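There are 2 protein chains.
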Amino acid sequence: MAKTSEKRFALGVDYGTNSVRALIVDVSDGSEVGTAVYDYPSGQNGILLDARDPNLARQNPADYVEGFYASVRGAIADASKKRGFSVDRIVGIGVDTTASTPLPVDRQGKPLAVLPEFRKDLAAHAWLWKDHTSHAEALEITAKAARAKEGYLDKCGGAYSSEWFWSKILHCIRTSPKVAKAAYCWVEQCDFVSGFITGNTDPDTMPRGICAAGHKGLYHEDWGGLPNKRFLSSLSPELARVRDHYAAPALPSDRPAGAIDPAVAKKVGLPAGIPVAVGAIDAHLGAVGAGIKPGTLVKIIGTSTCDMLVVPGDQKAPDVPGLCGIVPGSIVPGMYGIEAGQSAVGDIFNWFTSYLTPAAYTAKGDPHANLTQAAMKLKPGESGLLALDWNNGNRSVLTDPLLTGLLVGQTLHTTAPEVYRALVEATAFGALTIINRYRDCGASVREVVNCGGIAEKSPFVMQIYADVCNVPMKISRSAQTCALGAAIFGAVVGGAYKTTEAAQRKMTGVKPTVYRPNRDAAKVYAQLYALYMQLHDAFGLPSHAAKLNNVMKDLIAIRNRQRAAK
Amino acid sequence: MAKTSEKRFALGVDYGTNSVRALIVDVSDGSEVGTAVYDYPSGQNGILLDARDPNLARQNPADYVEGFYASVRGAIADASKKRGFSVDRIVGIGVDTTASTPLPVDRQGKPLAVLPEFRKDLAAHAWLWKDHTSHAEALEITAKAARAKEGYLDKCGGAYSSEWFWSKILHCIRTSPKVAKAAYCWVEQCDFVSGFITGNTDPDTMPRGICAAGHKGLYHEDWGGLPNKRFLSSLSPELARVRDHYAAPALPSDRPAGAIDPAVAKKVGLPAGIPVAVGAIDAHLGAVGAGIKPGTLVKIIGTSTCDMLVVPGDQKAPDVPGLCGIVPGSIVPGMYGIEAGQSAVGDIFNWFTSYLTPAAYTAKGDPHANLTQAAMKLKPGESGLLALDWNNGNRSVLTDPLLTGLLVGQTLHTTAPEVYRALVEATAFGALTIINRYRDCGASVREVVNCGGIAEKSPFVMQIYADVCNVPMKISRSAQTCALGAAIFGAVVGGAYKTTEAAQRKMTGVKPTVYRPNRDAAKVYAQLYALYMQLHDAFGLPSHAAKLNNVMKDLIAIRNRQRAAK
């Protein structure tokens, strides 16, 4: 560890769905020195809703600006209590945000939402990642992209999502022409934030991050950046205009977007001149903060999951069907960043405790803890149950939002903890399916580093994941991996490290507790997984003719063996 | 109605699982004049259990004897309050019991269980219908019967059950040789009861009922009564001995087993000489009491169901695969009685309220009523859910106890009332599958008369059954259809009517409320039923290759249409 007098720091600013967090870390080891969180004041928990349309989710860009000021000031105040900290020892700033969260801006890069004439127009605000109003446009783009000779869909798993950049802009063009017309360009939230911090918000020249562009905007070097004008014009001429005002090439986060704007620096009490990294997607910088490297899959487990892997840049980039995106430099610069995801994990557990858990487990204490206590006494396969984890569709590897949940094996004695365990197992089977798909495409997965509340709080879930996936499950040392990942890029652009990998080696790590696969459990889960895949393919793949008559019988046979072994 | 001075009465005695009910009715219209119930004093609610084996369920035959005395005395006392009643106006007695509930008897027909040396031996007691200890023997018998040239399995749906006569005796031979050796013969509960009432318990001469023999004992005129000696000996020589002491032919219930034994008559206060009908299975006499006739399916809905139909005897007897049995004269003498059943109906609803219903629906009042109140507001298909009703296996038409439940279509918003409704619908789809199987085999089903608590108490369930099955659902006028059916045969053997049909026309009927199919609902349910059958065949039929990729999508499409139509 560096001597106090030589300490250097990096600042990471992490824009989440409901709040923004600033984190100051010691660049020598990534340890947290100061942090502060600012809850977005607009809407419900920072989200602007429309009672008439449950798919709509917008944000007020003014919250992003005020959030930077407040959280960074707070983190500095917090860090200032520590020995050896001073603001002039902050070497760099990194930023991550949700994505795709595009916002329309005017000629100067000012969000339309802050202009008096658009202040009340939800279409003029930031279109939050989980806004699903653009479902029809996503299908339209997917259909057109599938026919394009460039192979636009090859790098995004075969389908363009309603959550992504072009779907949202196209929906705005179709439904709020006034806003679309007033928009000189659209920018992703991460680019808007780094632009605002560096004082360069000019759409025509501001740097754009490869991470959001590649994973959400169909940006790829293979076809010269964004999709070509002909393609975009065929959807709408106004989409082509967005491309006209877009400064390619998009950049990875080890490149500076610029230095902090003196006015911004002054407002938060930072010295001028600090370099600011190009912004990126929160989960991806979370992977960096969790120590992602070839062979180490990082899994951020929350309401849904993000499953990220990197492949060395000197290997041929794999096209992995069913994953969300494969983008050079999107996670660790110099490597291919590959993202997959499960549409619902924590959300499924919460659904079960909210809607189908009897009073015995909800009356006192945390329903999850109560169900877990009973469910962990069961052996794998002992309940005879098997579930599909598709209550919110399937992101990877089927990329099909119109799939639903399934539970099979119920008897007249099936209990709530048994169903709860089956749901946990189903999400583990979903996780394994992603790992297998990565491996099928030549990427190695030797261990998994998990982040997020469930990973930290539920040894029950983690052990099942280890047993099902048959790889060690580790937990990220930092609980703030996204902000730490942003800080790592702050450290890199600030010169503390030459490469992202070098910074990661020093600044990231895992907790001492490692969940290792139990051999007996893994054997039973291998049998159950074969049945899961039977259901997966039967219900998930088109034109797949399946024999399923064995499923219920095999579950009973496994159940009987497991009960007898008790 | 007959003048008070001319009134005549019949007595029906209905032996259920937990109690026996005596019912005295006016033979002119079937109206109830007096009734009394006697709860079996032995075991738990009349059932002898073994903590080491959950499959074991026995009864004490002494309860049957005491139950007759107590319930008949009670019914007479109750009837005696009514004008015009007197015991000498009782023209006949009918009896029904559970089946297959065989008991081992000695040379005189005395149950071994009442002998001092066997009083504590559970194997020497009556083997209650729901005793499942004989699973292995059922498979053995099925395998041997399938190879027999007689086609023994053609009349019992293709599989011999662990609940039936020969399985139970064979299991006793294998596991309690002392009892098996001491048994001169085995008799069905219904034969034991009519034998005891008439004072003829000699195994070699006492009349046996065609109903239990045909549906549970592989008795059929096509192969000369019980299975031949060679077949039985190949399983065990002791089975052949049962055949040796069996007085064929087995008889329908419009035939008298004899007249009431003077000692028995005296004990309950009846005059001597009253004729007693040959005993039969409770559900089958329930069908008679509910007014079964060609085209009218009688459905007894309880924890499970019994679905009965009769086909005129001058038609060729259909062999209906997947039904429990087709027996000439078993329900209405002169017709073929066909029985099918669903392994769980009320049991599935009770499972859901016991194990997976949140406090909002269980804290106050009846959970079924609370869930129903919410579920009845939903339109067919609106939840997007579909279930298989196999939590307790599938009796008809798959005859497979090793099938289990399935639920598909869950989202993150699926509620308990939605699941409850899906479970009710699943049982309705199961009911329709039986109706369709009957029809496929040439039997007409124009209406359904329902009996049992659910039928009487849940307009919600009945309307769904009407909409799903697309036939009118009626409710039996009598709530005691089994005892009424027994009384009808009492009336017939007592000479009040020449035929069972004539007695039924006067003594049975339905309630004024008829649940008629709603055209729009029936249309949607036809679509859902097609999806149900896809799952049914995929999971239920061996070697059936199914494409199921459409199932979740179609459910969502139906859901969206139904929500939009609201």
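One line per chain: the protein sequences are C and P, in this order.
Just add 311 to wherever you are in the first sequence, counting from 1, and you've got the working numbering.
Just add 311 to wherever you are in the second sequence, counting from 1, and you've got the working numbering.
In this text, a Cβ means the ideal position worked out from N, Cα and C, and glycines have one as well.
Given the structure is predicted, the values throughout are model-derived calculations rather than measurements.
Residue i: contacting residues in chain P (beta-carbon distance under 7 Å)
i, result
"Tyr666(C)", "Pro669, Thr725, Thr726 and Ala727"
"Lys864(C)", "Leu713"
"Thr607(C)", "Neighbours of Thr607(C) on chain P: none; closest Cβ ~30 Å, over 7 Å."
Residue i: contacting residues in chain C (beta-carbon distance under 8 Å)
i, result
"Pro853(P)", "Asn860"
Neighbour flag for residue i against chain P, beta carbons, 8 Å
i, result
"Lys834(C)", "no"
"Thr722(C)", "yes"
"Gly597(C)", "no"
"Ile521(C)", "no"
"Arg872(C)", "no"
"Gly716(C)", "yes"
"Ile867(C)", "yes"
"Met312(C)", "Confidence is the limiting factor: at Met312(C) the pLDDT is only 49, short of 50, which leaves the residue's position unreliable, though a coordinate-based value still follows. Not an interface residue."
"Ala802(C)", "no"
"Ala368(C)", "no"
Cβ-based burial, residue i [other Cβ within 10 Å; buried from 16]
i, result
"Glu317(P)", "exposed"
"Leu709(P)", "buried"
"Leu713(P)", "exposed"
"Gly741(P)", "buried"
"Thr607(C)", "buried"
"Ala737(C)", "buried"
"Gln419(C)", "exposed"
"Asp337(C)", "buried"
"Glu428(C)", "exposed"
"Pro678(C)", "buried"
"Val348(P)", "buried"
"Lys527(P)", "buried"
Nearest-angstrom Cα separation, counted from residue j out to residue i
i, j, result
"Lys809(C)", "Pro644(C)", "12 Å"
"Thr346(P)", "Arg384(P)", "9 Å"
"Met312(P)", "Arg788(P)", "Unreliable placement is indicated for Met312(P), whose pLDDT of 49 sits below 50; no coordinate value is reported for it."
"Ala849(C)", "Ile867(C)", "20 Å"
"Met863(P)", "Met687(P)", "23 Å"
"Arg748(P)", "Met646(P)", "19 Å"
"Ile484(C)", "Ala434(C)", "10 Å"
"Gly468(P)", "Ile746(P)", "15 Å"
"Gly354(P)", "Phe476(P)", "22 Å"
"His482(P)", "Gly525(P)", "20 Å"
"Val790(C)", "Arg332(C)", "A small fix is needed here, since residue 790(C) is Ala in this sequence, not Val. Spanning the two alpha carbons is a distance of roughly 12 Å."
"Ser472(P)", "Ala655(P)", "16 Å"
"Tyr380(C)", "Gly323(C)", "13 Å"
Within-8 Å CB hit, residue i to chain C
i, result
"Thr486(P)", "no"
"Gly695(P)", "yes"
"Thr673(P)", "yes"
"Ala284(P)", "Because chain P here runs from 312 to 877, residue 284(P) falls outside it and cannot be looked at."
"Ala655(P)", "yes"
"Ala362(P)", "no"
Per-residue contacts from residue i into chain P (C-beta, under 9 Å)
i, result
"Asp658(C)", "Leu723"
"Lys850(C)", "The sequence shown places Phe at residue 850(C), not Lys. By Cβ distance, chain P contributes Val719, Leu859, Asn860, Val862 and Met863."
Where residue i meets chain P, residues with beta-carbon distance less than 8 Å
i, result
"Asn959(C)", "Since the first residue of chain C shown is 312 and the last is 877, residue 959(C) is not available in this structure."
Check: residue i C-beta below 7 Å from any heavy atom of the ligand FAD
i, result
"Ala833(C)", "Annotation note on the ligand FAD: not contained in the displayed structure, which lists no ligands."
Neighbouring residues, chain C, relative to residue i (Cβ below 9 Å)
i, result
"Val708(P)", "Correct list: empty, because the minimum Cβ distance to chain C is about 15 Å."
"Trp662(P)", "Gln721, Thr722, Leu723, His724 and Thr725"
"Val730(P)", "Tyr666 and Leu667"
Contained beta strand (DSSP E) runs [length at least 3] in the segment 775 to 858 of chain C, N- to C-terminal order:
Runs of the beta strand (DSSP E) inside the segment 775 to 858 of chain C: 784 to 787 and 821 to 826.
Would you mind listing the beta strand (DSSP E) stretches within the segment 332 to 386 of chain C that are 3+ residues and don't spill past its ends, in chain order?
Secondary structure in the segment 332 to 386 of chain C: the beta strand (DSSP E) runs of 3 residues or longer, each lying completely within the stretch, are 343 to 350, 359 to 361 and 364 to 370 in chain order.
Length-filtered (3 minimum) beta strand (DSSP E) runs lying within the segment 680 to 727 of chain C
Contiguous beta strand (DSSP E) elements confined to the segment 680 to 727 of chain C occur at 697 to 699 and 716 to 721, taking only those with 3 or more residues.
Can you list, in chain order, the stretches of the beta strand (DSSP E) that have 3 or more residues and sit fully within the segment 602 to 676 of chain P?
606 to 612, 616 to 623, 636 to 639 and 646 to 651, all fully within the segment 602 to 676 of chain P.
What are the complete alpha helix (DSSP H) segments, minimum 4 residues, inside the segment 511 to 553 of chain C?
Considered as a whole, the segment 511 to 553 of chain C harbours 521 to 527 and 540 to 546 as its complete alpha helix (DSSP H) runs of no fewer than 4 residues, in chain order.
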